[in-house]
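Below: the structure, in structure tokens.
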Amino acid sequence: MLLEICNTGKNLSLSDFEEVERKLKKPLPMAYKKFLLKHNGGEPRESYIDFDAEKLNLSGQAINVFYGLGVQPCDDIVHKIGSIGDQIPEGVIFIADTAGGDHFLLSLRKDSYGEIFYKDHEFEDLSPFEPSKNILPESIVKVANTFSDFLDALYGDE
35 MLLEICNTGK
45 NLSLSDFEEV
55 ERKLKKPLPM
65 AYKKFLLKHN
75 GGEPRESYID
85 FDAEKLNLSG
95 QAINVFYGLG
105 VQPCDDIVHK
115 IGSIGDQIPE
125 GVIFIADTAG
135 GDHFLLSLRK
145 DSYGEIFYKD
155 HEFEDLSPFE
165 PSKNILPESI
175 VKVANTFSDF
185 LDALYGDE
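Per our numbering, the very first residue in the sequence shown carries number 35; after that it's consecutive.
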């Protein structure tokens, strides 16, 4: 369970989400909004998560930073979508990164709304992103069914 995050962004209000959701043309899951209201990104102390990523030769990864809203551009959700959003499937957003430059993604699509995925930036994608059919690009694996499940799975290095 996520307990501590440092270097968080400014405090947000519900009105901050209206503009973001208008830009995304999709609503953010309530659990993710609550997280951003409490933390607005930052560096998690409990940053490790295990997941099955045999096709990527991984058994898990550590989060370097959670992205926020209205924070420095390199850690801002909206800026990430504008600058490198073409590298991820339509309807998903960046929510965190790893020290190695890979990303955790949150789906806003009907077929996988609220699900969390991991994307390895070093793999070339040839397959489509069709989570409802269990078809994912070569660089992407599913990590959690919900954002809450994702947070609950995080643990520290102690």
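Ideal placement from N, C-alpha and C gives every residue a C-beta, glycine not left out.
Quick caveat, the model's predicted, so the values are computed rather than measured.
- In this structure, the beta-carbon distance from I129 to Y152 does not fall below 8 Å.
- Between P165 and S182, the C-beta gap is not smaller than 8 Å, which leaves the two residues out of contact.
- For I174 and P61, the gap between their C-alpha atoms comes out near 22 Å.
- Here E164 is bridged, per DSSP, to I169.
- Along the length of the stretch 58–132, whole alpha helix (DSSP H) runs at least 4 residues long occupy 64–72, 111–118, reported in chain order.
- Secondary structure note for F184: its alpha helix (DSSP H) is the uninterrupted segment 181–187.
- A residue is called buried once 16 or more other Cβ atoms fall within 10 Å of its Cβ, and S81 is buried on that count.
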